[in-house]
Amino acid sequence: MSDFEPIIVAFACEYCAYTAADMAGSLGMSYPPNVKIIRVPCTGKVDTLHLMRALQKGADGVLVAGCYLGDCHYKNGNLRAQQRVGYVSRLLEEIGVGGERVMMTFMSAGQGNVFAQVANEFTEKIRNLGPNPVKLGAGKAAA
Amino acid sequence: MITAVRKPLEEIMGFAAPYSRVLLLGCNECVTVCYAGGRKEVGILASALSMAFLKEGKKLDIVEQTLERQCDPEYVEEIAQTIDQYDAVFSMACGCGVQTVAGRYKDKPVFPMVNTMFMGASERQGVWAERCAGCGECVLGRTGGICPVARCSKRIFNGPCGGSTKGKCEIDPGVDCAWQLIWDRLKALGRTDLYSEIMPAKDWRSAKDGGPRRIVREDLLS
Amino acid sequence: MKTTSNLEKVLAAGHFAATGEVGPPRGTDAEAVRKKAGHLVGKVDAVNITDNQTAMVRMSSWAASLIVKQMGLEPNYQMVCRDRNRLAMQSDILGAYALGLNTMLCLSGDHPRFGDHPMAANVHDIDSIQLVAMVRQMCDAGLFQGGAEISNPPKMFIGAAANPFGDPQELRVLRLAKKIAAGADFVQTQCIYDMKRFKEYMHQAHDMGLTEKCYILAGVTPLKSGGMAKYMANKVPGMTVPDEIVKRIAGAPKEAQAEEGIKLCIEQIAEMKEIPGVAGIHLMAIEWEHRAPEILERAGLLPRPQV
Chain A
901 MSDFEPIIVA
911 FACEYCAYTA
921 ADMAGSLGMS
931 YPPNVKIIRV
941 PCTGKVDTLH
951 LMRALQKGAD
961 GVLVAGCYLG
971 DCHYKNGNLR
981 AQQRVGYVSR
991 LLEEIGVGGE
1001 RVMMTFMSAG
1011 QGNVFAQVAN
1021 EFTEKIRNLG
1031 PNPVKLGAGK
1041 AAA
Chain B
24 MITAVRKPLE
34 EIMGFAAPYS
44 RVLLLGCNEC
54 VTVCYAGGRK
64 EVGILASALS
74 MAFLKEGKKL
84 DIVEQTLERQ
94 CDPEYVEEIA
104 QTIDQYDAVF
114 SMACGCGVQT
124 VAGRYKDKPV
134 FPMVNTMFMG
144 ASERQGVWAE
154 RCAGCGECVL
164 GRTGGICPVA
174 RCSKRIFNGP
184 CGGSTKGKCE
194 IDPGVDCAWQ
204 LIWDRLKALG
214 RTDLYSEIMP
224 AKDWRSAKDG
234 GPRRIVREDL
244 LS
Chain C
41 MKTTSNLEKV
51 LAAGHFAATG
61 EVGPPRGTDA
71 EAVRKKAGHL
81 VGKVDAVNIT
91 DNQTAMVRMS
101 SWAASLIVKQ
111 MGLEPNYQMV
121 CRDRNRLAMQ
131 SDILGAYALG
141 LNTMLCLSGD
151 HPRFGDHPMA
161 ANVHDIDSIQ
171 LVAMVRQMCD
181 AGLFQGGAEI
191 SNPPKMFIGA
201 AANPFGDPQE
211 LRVLRLAKKI
221 AAGADFVQTQ
231 CIYDMKRFKE
241 YMHQAHDMGL
251 TEKCYILAGV
261 TPLKSGGMAK
271 YMANKVPGMT
281 VPDEIVKRIA
291 GAPKEAQAEE
301 GIKLCIEQIA
311 EMKEIPGVAG
321 IHLMAIEWEH
331 RAPEILERAG
341 LLPRPQV
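Written as structure tokens, this is what we have:
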């Protein structure tokens, strides 16, 4: 599985992580091209269903990146996102997909370095975990 | 509302094992409000089930649909044209909805996706608590608007028992003593006189002990 | 005299009553009942036989009561609302009376959650006050709860329990009044350690005229050790044990704690005799039945009056 390149979907809050990712790019702090960023107005807008659908449709890992707790532009959207990530993580455990494929992370708009570091580490973690087992099984089911 | 919680995935997967195409049927009423079986929960469960099967190299076709009210024949009729396409119906409604679907489509297996819990109210976001036992003869007018049948652990009509401590029930410090609440309300209302009346033994025929209950409204019959 | 109850006779004659308590075994050993109750023969006016206490299955209260009755002790047959609906309760009462039981105590019962069958249905068809009223109607009107006539109605001396220390405080005497209004002949209280609060409770009950209508027996339980004192203080719902009592028992040398507990119990009984409206004591020497005679002797309650 050495040639496995995971697909990571990152839901990034436009008040912090999305800006941080932008800054990482412009400052030349590299993060893997595997990470597909979806800009959201607040991580509180990221629903349980979005996280599930991302994995169902082929993501190997899902990252939710919001503002630090207490810094949410909408008061506590990030807290709600964190709770939903926890719920999805438990649900993934229950169906045997692995709870660690979904992760919540926090940063501020100025932390391009943090975004790059988290993106690198999470990509590496998922690379080590291997492909989303749903994709492997789907191949078999189709065969 | 009627509250419910989703069944464990393992149990649901057991129901699904023999089938290849199922209708996952939500309900827009109570189970939507308590986040157990509305359109969104249908989507989440469909995703989870589908992934659980694919992971094992099996395919389960799940068609998602949510009815306005599964406990109403009028709305359950909406799936009459398509029901033949499915091996089974996986209902996310409360027990009333599951039975309405099962009663209408007699040769179609119908499985409950949720455990129906109780008639309750929302205490705050994410918390529901039992408020009504549906006993058929409401005493709230005499108990300050707090129900001893639904909220006292021993459904004592002339409480409290000796276990009431600092406003909490002896069974769990997380449970309020219903009779403490009743007494506080009666005091606030200036109606502590209501307490001294002995409430007589209840006629449980109005509750489920009289057999399954029905309401017939002649004025509404068609 | 309404009944043949020995307890009623003792109380009606104006004696300061003393009752004891025996918990039936978790098995079929009648000898175990006899052994525990044997310590109390001739020492108490009646002995409470508990009904699946702490929601643990035990030999039925009526059966253990009968064993005790055959020993010449008068049982106070306990019945809780947790395990039976009104049909079963009434038929048990008829059977119990037919077999010679004439004194009973009506209780709610501990919640099944505390026992060894937490999965059991928690019946509560009627509550303890409604149970008192039902037995009263059976005895006085000769009618079942459902209204039909009873052939040869029972004549029970009807008891109820009271906890002077549960919350809300201000309701406690009012609830006692409801039990008496429902038809209780006598009341046994939860065990008392906080004498100050108990005196206030009795004062209030006395002022309301309740002690004229009903015999009130004050519950006492000797503390066997400092550990037990702390347990009663902290773990038992609706129980109050003042700090100075915990300190007194726990502060005594280990080997002297039991004696200190008995001394305290005797002092409290002496105090209770002086409280207006207290008609007797109910001694619950939990798994310590063999020490009960000594406590009663030293409290000046022996010999028991023959009436």
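Chains as they are written, first to last, in the working numbering: chain A, 901 to 1043; chain B, 24 to 245; chain C, 41 to 347. Even for Gly, the Cβ is constructed at its ideal location relative to N, Cα and C.
For Arg154/B, the enclosing beta strand (DSSP E) covers residues 150-155. Taking C-beta separations shorter than 6 Å and ignoring five residues to either side along the sequence, the partners of Glu114/C in its chain run Asn46, Ala86, following chain order. Judged by DSSP in its simplified three-state form, Val73/C adopts helix. Where Arg127/B is concerned, the enclosing alpha helix (DSSP H) starts and stops at 118-127. Following the DSSP letters along the chain, one finds Val239/B in no alpha helix (DSSP H), marked with neither H nor E. In the three-state DSSP reduction, Lys42/C falls in the coil class, being neither helix nor strand. A straight line joining the alpha-carbon of Ala965/A with that of Asn1032/A spans about 21 Å. Within the segment 36-70 of chain B, the residues whose Cβ lies closer than 7 Å to any Cβ of chain A are, in chain order, Lys63, Gly66, Ile67, Ser70. Under the three-state reduction of DSSP output, Ile67/B falls in the helix class. Within the segment 241-256 of chain C, no residue places its CB atom closer than 8 Å to a CB of chain B. Taking 7 Å as the threshold, the shortest C-beta distance from Ala954/A to chain B does not fall below it.
The three-state secondary structure of Asp167/C, taken from DSSP, is coil. Contact with chain B is absent for Gln308/C, since none of that chain's Cβ atoms lies less than 7 Å from the residue's Cβ.
Using a Cβ-Cβ cut-off of 7 Å, Gly80/B is close to Gly1037, Lys1040, Ala1041 of chain A, given in chain order. In the structure shown, the three-state DSSP call for Ser114/B is strand. A Cβ-Cβ contact shorter than 7 Å links Thr251/C with Gly317/C. Taken residue by residue, none of the segment 132-150 of chain B has a beta-carbon sitting less than 8 Å from a beta-carbon on chain C. In the structure shown, Val84/C falls within a coil segment according to DSSP collapsed to helix, strand and coil.
Using a Cβ-Cβ cut-off of 7 Å, Ala27/B does not count as an interface residue toward chain A, since no Cβ of chain A sits closer than that to its own. Residue contact check for Leu217/B against chain A: no CB pair falls below 7 Å. In the DSSP annotation of this structure, the continuous segment of the beta strand (DSSP E) that includes Asp84/B starts and ends at 84-90. When DSSP reads this structure, Ile937/A sits in a beta bridge with Ala910/A.
Of all residues in the segment 140-151 of chain C, only Ser148, His151 come within less than 7 Å of chain B when Cβ atoms are compared, listed by chain position. For Lys42/C, not one C-beta of chain B is nearer than 7 Å to its own C-beta.
Residues of the segment 155-174 of chain C whose Cβ lies closer than 9 Å to any Cβ of chain B, in chain order: Asn162, His164, Asp165, Ile166, Asp167, Ser168, Ile169, Gln170, Leu171, Ala173, Met174. Comparing C-alpha distances from Leu304/C to each of Lys275/C, Ile315/C, Tyr271/C, Ser265/C shows the shortest one belongs to Ser265/C.
By the criterion of at least three beta-carbon pairs nearer than 8 Å, the segment 44-64 of chain B is in contact with the segment 77-86 of chain B. In the three-state DSSP reduction, Lys191/B falls in the strand class (E or B). Around the beta carbon of Gln93/B, 16 or more other beta carbons sit within 10 angstroms, so the residue counts as buried. With 16 or more other CB atoms across the displayed protein chains lying within 10 angstroms of its CB, Leu216/C is buried.
Nearest in C-alpha terms to Ala201/B, of all of Pro223/B, Glu153/B, Gln122/B, is Glu153/B.
Taking the CA atoms as reference points, Ser989/A sits about 10 Å from Gln982/A. Distance from the CA atom of Arg1001/A to the CA atom of Leu927/A, rounded to whole angstroms, is 28 Å.
Contacts with chain A at 7 Å (Cβ-Cβ) include Leu32/B.
Judged by DSSP secondary structure, Glu307/C falls within the alpha helix (DSSP H) whose first and last residues are 297-313. The CB of Val997/A comes closer than 9 Å to the CB of Ala71, Met74, Ala75, Lys78 in chain B, given here in chain order.
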